[in-house]
Amino acid sequence: MSGRVHGIGVGPGDPELLTLKALRLLREAAVVAYPATEDGESLAREIVAPHLPGGQREIPIPIPIQGGPFPDEGVYDRAAEQVLAAVAEGAAVVVLCEGDPFFYGSFLYLYARLADRCEVAVVPGVSSLMACAAVLGAPLAARNDALSVLPATLDETVLRRRIEAADAVALIKVGRHLAKVRGVLEDLGLAEGALYIERATMTTERVLPLDQAPAPAPYFSMVLVHRRGEAWR
Ligand SMILES: C[S@@+](CC[C@H](N)C(=O)[O-])C[C@H]1O[C@@H](n2cnc3c(N)ncnc32)[C@H](O)[C@@H]1O
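Listed below in structure tokens is the structure:
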């Protein structure tokens with residue numbers, strides 16, 4: 005007897021931004037795994053909470069808060085073994101991932117450990133990129149625009165070079181790098197048209213002019229910039 009694993013994108017925050025497929029798999033799942041804080045809080049679980057039928061076994065994956073950009077590998081090794089044990093028992097397992105699993109998703113760490121060892125399928129989710137553009141009423145790209153998605157964690161020189169080369173830019177992982185991002189955009193004359201948003205589609209969503217954005221910004225924040233000001237121009 006062998007179960008299966010689905011990595012499901014749960015969208016950017018609004019529980020209604022879950023796909024019908026993700027919803028069905030969630031309701032059929034015997035086991036639900038998700039990234040959590042060491043205190044057990046989980047944004048991904050919070051997003052799907054209104055849809056959980058109850059009775060599912062849960063595997064929180066406690067991601068330690070630490071300085072480095074990548075999580076402790078051992079956490080994912082242990083979580084992968086728990087998921088594989090459930091699969092060996094024949095369970096249908098879903099692993100929740102905020103946004104889309106294959107777009108900078110936390111699911112990738114588990115995927116790397118499971119893909120060669122059991123059946124794993126991915127259900128795409130509404131990514132924060134699409135959600136932020138929709139909330140801001142700011143189309144990301146049109147015609148021959150080259151859109152760059154840039155982690156704000158990049159070195160300032162690299163960031164500047166990449167922004168200069170793009171028509172449209174989405175800066176993710178802004179957090180404690182907000183001041184650096186603002187500085188580069190000001191130098192390039194792009195700050196005025198830049199749009200800042202935090203926690204898009206969550207109940208705590210906030211949109212601010214870039215010069216009023218908090219530094220550091222919350223982890224779930226993004227800056228969108230278009231060289232022409234707006235993609236339809
Ligand atoms: C590790 S990436 C995960 C992206 C996610 N898998 C997705 O598809 O949107 C985390 C970054 O995505 C962005 N992000 C995710 N959700 C967001 C939201 N609801 N509002 C604004 N930015 C968000 C932030 O820039 C955050 O630092």
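Each residue of the sequence shown is one higher than the one before, counting from 5 in the numbering used here. Built from N, CA and C at the ideal position, the CB exists for glycine as well. These numbers come from a predicted model, not from an experiment.
Between the alpha carbons of Val126 and Arg210 lies a distance of about 30 angstroms. Rounded to whole angstroms, the Cβ separation of Gly13 and Pro105 is 5 angstroms, and the two are in contact under 8 angstroms. Between ligand 1 and Asp76, a heavy atom-to-CB distance of less than 7 angstroms is absent. Straight-line measurement puts the Cα of Val162 at about 23 angstroms from the Cα of Pro218.
Its Cα nearest to that of Ser132, the residue Ala174 stands out among Pro57, Ala174, Ala119 and Leu29. In the three-state reduction of the DSSP assignment, Val14 falls in the coil class. A Cβ-Cβ separation of about 5 angstroms places Leu194 in contact with Val229 under the 8 angstroms criterion. In the DSSP assignment, Gly103 forms a beta bridge with Gly15. Cβ-Cβ separation between Pro143 and Ala137: approximately 6 angstroms, consistent with a contact (criterion under 8 angstroms). For Arg166, the uninterrupted alpha helix (DSSP H) run begins and ends at Glu160 to Ala169, by DSSP. Between Val124 and Gly11, the gap from beta carbon to beta carbon is short of 8 angstroms. Remark: the C-beta of Tyr223 is in contact range of ligand 1, defined as less than 7 angstroms to any heavy atom. Between the alpha carbons of Thr41 and Leu214 lies a distance of about 29 angstroms. Around Glu160, the same chain offers Lys184 as residues with beta carbons nearer than 6 angstroms, after the five sequence neighbours per side are excluded. If you check the C-beta of Ser46 against ligand 1, you find no heavy atom less than 7 angstroms away. For the pair Arg28 and His55, the Cα-to-Cα distance works out to about 10 angstroms. Between the alpha carbons of Leu182 and Val9 lies a gap of roughly 37 angstroms. Boundaries of the beta strand (DSSP E) around Glu62: Arg61 to Pro66.
Taking Trp236 as the centre and dropping the five residues before and after it, the same chain places the C-beta of Pro143 and Ala146 closer than 7 angstroms to its C-beta, in chain order. An exposed status is given to Ala116, since fewer than 16 other beta-carbon atoms sit within 10 Å of its beta-carbon. Look at Ala34 here: in three-state DSSP terms it is coil, with no helix or strand label. Cβ-Cβ distances below 7 angstroms link Ala90 to Gly7, Val35 and Val97 in the same chain, with the five nearest sequence neighbours on each side left out; the list follows chain order.
For Ala172, the enclosing beta strand (DSSP E) has its first and last residue at Ala172 to Ile176. In this chain, Glu202 is not harboured by any alpha helix (DSSP H); it is covered by the beta strand (DSSP E) spanning Leu199 to Glu202.
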